[in-house]
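In what follows, a single structure is set out as structure tokens and then discussed.
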Amino acid sequence: MKVIEYCVDEKATCRLAANLGLLFKKNGLAGICIFLKGDLGAGKTTFTRYLLKSLGHVGNVKSPTYTLVEPYDLLGLNVYHFDLYRLADPEELEFMGIRDYFNTKSASLIEWPERGGDLLPQADFVIDIKYKDEGREYTIEAFTDTAKSYLNDFQRHD
2 MKVIEYCVDE KATCRLAANL GLLFKKNGLA GICIFLKGDL GAGKTTFTRY LLKSLGHVGN
62 VKSPTYTLVE PYDLLGLNVY HFDLYRLADP EELEFMGIRD YFNTKSASLI EWPERGGDLL
122 PQADFVIDIK YKDEGREYTI EAFTDTAKSY LNDFQRHD
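Take 2 as the starting number for the sequence shown in my numbering and just add one per residue.
Pasting the structure below:
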């Protein structure tokens with residue numbers, strides 16, 4: 002199941018992220034894993050920034066390009082924002098204890114998930130961002146039963 006949204010500008014991207022944030026506030030975020038895909042500069046971190054703010058984060062959202070992960074305490078959960086762009090080898094994730102991040106008391110947003118190999122869990126959602134005309138096209142795809150029910154709810158209320 003998937004939803005395709007076109008965002009003409011950053012304001013539209015903010016609205017899309019806020020709508021997803023409302024969905025997570027209503028249905029829960031515990032244990033959810035979101036992969037963010039797209040070319041360099043497509044807007045993965047910008048989308049993540051707006052999503053985290055819609056979930057209640059106040060302050061800056063730093064790109065974890067060099068640190069690999071930035072933690073946030075939101076909705077009573079540990080929400081982790083990963084950026085694996087600079088990862089040289091998926092085995093580096095083992096050294097940081099990557100498996101400990103994925104549990105029912107956390108949620109994860111992972112940029113460049115293809116660089117994590119088999120060490121990442123199955124994504125509940127994959128958000129693929131592509132350049133289109135002057136804006137961006139967001140394809141939000143659900144891969145688990147939970148994600149499919151969320152996305153169905155998103156389509157009914159969007």
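In this text, a Cβ means the ideal position worked out from N, Cα and C, and glycines have one as well.
These figures come from a predicted structure and were not determined experimentally.
Exercise. Locate the alpha helix (DSSP H) running through G22, then write down its first and last residues.
Key: 11-28
Self-check item: Minimum C-alpha distance to I35 - residue among I141, D134, G57
Solution: I141
Quiz prompt | For L37 and A143, the rounded distance between their alpha carbons | solution = 12 Å
Practice problem: Take G32 and list the residues in its own chain whose beta-carbon comes closer than 6 Å to its own, dropping the five residues that flank it on each side. | Solution: T105
Self-check item: Cβ pair R116, L94 closer than 7 Å
Solution: no
Practice problem: For I111, I'd like the list of residues in its chain whose CB is within less than 6 Å of its CB, leaving aside the five on either flank, ordered along the chain. | Solution: F36, F83
Quiz item: What's the C-alpha gap between K26 and S55?
Solution: 9 Å
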